[in-house]
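In my numbering, the protein residues as written are 294 to 367. All C-beta atoms in this analysis are idealised placements derived from N, C-alpha and C, irrespective of residue type, glycine included.
The structure is reproduced here in structure tokens:
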């Protein structure tokens with residue numbers, strides 16, 4: 294109408310609205326990042342499973358080319 298296409302603006306607005314609704318629902322469910330971590334992760338540290346298992350496994354594989362004890366492969 295005014296010489297520019299409004300469709301990209303509409304798509305961007307819908308994307309922002311969707312993201313806002315998603316984060317709003319997360320806030321209503323868990324109330325904080327700590328609440329989310331306690332509900333989702335196994336412990337009180339964010340990405341604790343990664344820091345306890347996967348990161349050390351990667352370090353050992355790069356250093357020694359040998360797997361870490363206690364790590365289960367699929």
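Just to confirm the assignment, what range does the alpha helix (DSSP H) spanning residue i have?
i	result
residue 348	348-357
residue 318	300-323
residue 329	326-333
Can you list, in chain order, the residues of its chain with a C-beta nearer than 8 Å to that of residue i? Leave out the 5 residues immediately preceding and following it.
i	result
residue 326	339
residue 337	327, 330, 331
residue 319	329
Just to confirm my understanding: we take residue i, look at its own chain, exclude 5 residues before and 5 after, and list those with CB closer than 7 Å. What are they?
i	result
residue 307	none
May I have the straight-line CA-CA distance separating residue i from residue j, to the nearest angstrom?
i	j	result
residue 346	residue 303	43 Å
residue 353	residue 343	14 Å
residue 305	residue 315	15 Å
residue 351	residue 333	23 Å
residue 299	residue 317	27 Å
Taking 7 Å as the cut-off, does the CB of residue i come closer than this to any heavy atom belonging to the ligand SAH?
i	result
residue 356	With respect to small molecules bound, the structure shown includes none, and the ligand SAH cannot be examined in it.
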